[in-house]
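One structure is given here, and the rest of the page talks about it.
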Amino acid sequence: MKVQDSGMPEENLWNSFFDIPSILSKMEITIQIQNLVEIGSGYGTFTIPTANIISGDLYAFDIESEMLTYVKEKQHFHNLSNIILEKRDILTETTGLKNNSIDYFMLFNILHNNKPTQFLEEAYRILKPGGKIGIIHWRKDIETPRGPELSIRPTPEQIIKIVDLEKFTLHKKPFLLKPYHYGLILIKK
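So, in structure tokens, the structure goes:
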């Protein structure tokens, strides 16, 4: 299921909205991460730099073949062998990965969908105990040059409210990723 209001602009414009090294650092993407899942890889904006940081495999999922083709071309250009691309609708099929097998689950700019808890449930299933969910999203408190309609953007408080605190703890409280985003990190208990 395609997430509502999630079309992609031209790639250079899209990439201009992010300070990628700063975001990855603040989101605690480190070499200590062995295996990582990215939902909605898009142009590979975060896929390629993340694959260069982590020590294991990066499983990148998207529902659009065109986006996966972009990432595959970049993967070959950068000679990265640790990216596993898959066209799959996580909301209807899950990731297909084993339980308790992943260290980090990236949910970047995707929780404005109609069923955000399904992503959190899948993250809980495949994350190892102590594994992290990194969430970034477009801010709702300001106009931005891109992103979903303000009315469907979740606030950090709305995201925290849907998190099952029996399963996750808030590791890093919401913080700004200037100018247009915020982030937060959860840990699986």
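Residue numbers for the sequence shown follow the numbering used here, so the first one is 551 and each next one is one higher. Glycine residues also receive a C-beta, built at the ideal position from the N, C-alpha and C atoms. From a predicted model like this one, the values you see are computed outputs, not experimental measurements.
For the pair K711 and Q584, the Cα-to-Cα distance works out to about 29 Å. When beta bridges are read from the DSSP output, D612 appears opposite K637. Between the beta-carbon of F658 and that of L677 there is about 16 Å, and that puts the pair past the 8 Å contact cut. Taking each of K648, R689 and E588 in turn and checking the Cα distance to N632, the smallest one comes out for E588. A direct Cα-Cα distance of roughly 31 Å separates K648 from F725. The beta-bridge partner set that DSSP reports for K722 consists of I735. In the structure shown, the three-state DSSP call for V713 is coil. Distances from the CA of T645 to each of S701, K624 and E671 were compared; the closest alpha carbon is that of E671.
Along the length of the region 653 to 711, whole alpha helix (DSSP H) runs at least 4 residues long occupy 666 to 676, reported in chain order.
For E588, there is no enclosing alpha helix (DSSP H); the enclosing beta strand (DSSP E) covers residues L586 to I589.
Contact between H626 and R689 is absent: CB atoms are separated by about 35 Å, not below the 8 Å threshold. Looking at the DSSP output, L727 sits in a beta bridge with H731. Here S575 is exposed: its Cβ has fewer than 16 other Cβ atoms, across all protein chains shown, within 10 Å.
For K648, the secondary structure class from DSSP, reduced to helix, strand or coil, is coil. Separation of D639 and Y620 (C-alpha to C-alpha, rounded to the nearest whole angstrom) is 18 Å.
Here M617 carries a helix assignment [DSSP, helix/strand/coil]. Put simply, of E707, Y674 and G733 the residue whose alpha carbon is nearest the alpha carbon of G684 is G733.
Around the beta carbon of G680, fewer than 16 other beta carbons sit within 10 angstroms, so the residue counts as exposed. In this structure, DSSP gives L563 a helical state, which the three-state scheme calls helix. Straight-line spacing of the CA atoms in P698 and Y674 works out to 26 Å.
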